[in-house]
Amino acid sequence: MKEILKHSFEAVSLLTTNNGMLDVTIVPAFNQPDWIIPSSLILSVDALDEHIWTYLWQQQEVVVFHLLSSEQVPDKIIVLEGNTAAHRMALQTAGELRQRQVRISEVKDGELPEQYHADNLSHNDAKKAKNSDNKTVEATGENPTGGEIDYVKERFQENVVQSYLFQTVIIDSIPYLVPDLDKIAHQLVDLDS
679 MKEILKHSFE
689 AVSLLTTNNG
699 MLDVTIVPAF
709 NQPDWIIPSS
719 LILSVDALDE
729 HIWTYLWQQQ
739 EVVVFHLLSS
749 EQVPDKIIVL
759 EGNTAAHRMA
769 LQTAGELRQR
779 QVRISEVKDG
789 ELPEQYHADN
799 LSHNDAKKAK
809 NSDNKTVEAT
819 GENPTGGEID
829 YVKERFQENV
839 VQSYLFQTVI
849 IDSIPYLVPD
859 LDKIAHQLVD
869 LDS
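Letter by letter, the sequence shown follows residues 679 to 871 of our numbering.
See below:
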């Protein structure tokens, strides 16, 4: 029987000048904290000054999520990698993208600032929903005919931050939104097909 040789293990920190750092891109957003996304997910940043719902990128139609109001003029579209080629998506925004390296220890969990908390219905009073009879009703959560209103179900909505919020993080005392890109892509692709 062979003798088991023990080796000595010297603890070496896994955090070096390259490890422990995140390469992120800060994307400007309207009526919500700016988004922070991994820079490695960005496939393309193209100039585009009109609101669109799908974008033709390398012979593939990509669904678009809007980070600004319909009254604002966009100036760029950012194509992001998805879990599959079909779930690639694009963000439409205006303003400068900021890239930076952030030390993991600098990223703190946070709460969505109060000014961004909106009732799903309060700032959408003008929005209408359809009941099961396909009649238009006010989006109050109550349906006079008793059918369920799709609008009130917990689902993705571009103008309701909580429907796609993954987490709020604080870096240098500034809140950023980490979006649930997977949920957005799946919802947009499902709506588009």
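Don't be surprised by glycine CBs; every beta carbon is placed ideally from N, CA and C.
Quick caveat, the model's predicted, so the values are computed rather than measured.
According to DSSP, residues forming a beta bridge with residue i
| i | result |
| --- | --- |
| Glu739 | Leu734 |
| Trp788 | Per the sequence presented here, residue 788 reads as Gly, with Trp not at that position. DSSP output for Gly788 lists Thr846 as bridge partner(s). |
| Leu769 | Phe743 and Ile756 |
Rounded separation between residue i and residue j - CA only
| i | j | result |
| --- | --- | --- |
| Val847 | Asp727 | 30 Å |
| Ser722 | Glu759 | 9 Å |
| Leu790 | Val740 | 29 Å |
| Pro853 | Thr732 | 29 Å |
| Asn837 | Leu843 | 11 Å |
| Val751 | Arg778 | 26 Å |
| Ser851 | Gln845 | 15 Å |
| Asp787 | Asp753 | 31 Å |
| His795 | Gln865 | 22 Å |
| Asp868 | Gln835 | 13 Å |
| Gln738 | Asn761 | 15 Å |
| Met699 | Gln793 | 30 Å |
| Ser841 | Asn697 | 33 Å |
| Asp712 | Leu745 | 9 Å |
N-terminal and C-terminal residue of the beta strand (DSSP E) that residue i is part of
| i | result |
| --- | --- |
| Gln777 | Arg776 to Arg781 |
| Leu855 | Ile852 to Pro857 |
| Val705 | Met699 to Val705 |
| Asp724 | Ile720 to Ala725 |
| Pro716 | Trp713 to Pro716 |
Residue j beta carbon less than 7 Å from that of residue i
| i | j | result |
| --- | --- | --- |
| Val780 | Val856 | no |
| Ala768 | Val757 | yes |
| Pro716 | Thr771 | no |
| Phe743 | Ile849 | no |
| Ile704 | Ile714 | yes |
| Phe667 | Ser747 | In the structure displayed, the chain extends from 679 to 871; residue 667 sits before or after that span and is not available. |
Exposure of residue i, with buried meaning 16 or more beta-carbon neighbours within 10 Å
| i | result |
| --- | --- |
| Leu859 | buried |
| Ile782 | exposed |
| Ala725 | exposed |
| Leu734 | exposed |
| Asn821 | Below a pLDDT of 50, predicted positions are generally treated as unreliable, and Asn821, at 39, falls in that range; the measurement from the model is reported next regardless. Label assigned to Asn821: buried. |
| Ile755 | buried |
| Gln736 | exposed |
| Gln710 | buried |
| Arg645 | The requested residue 645 does not occur in the structure, where the chain is confined to residues 679 to 871. |
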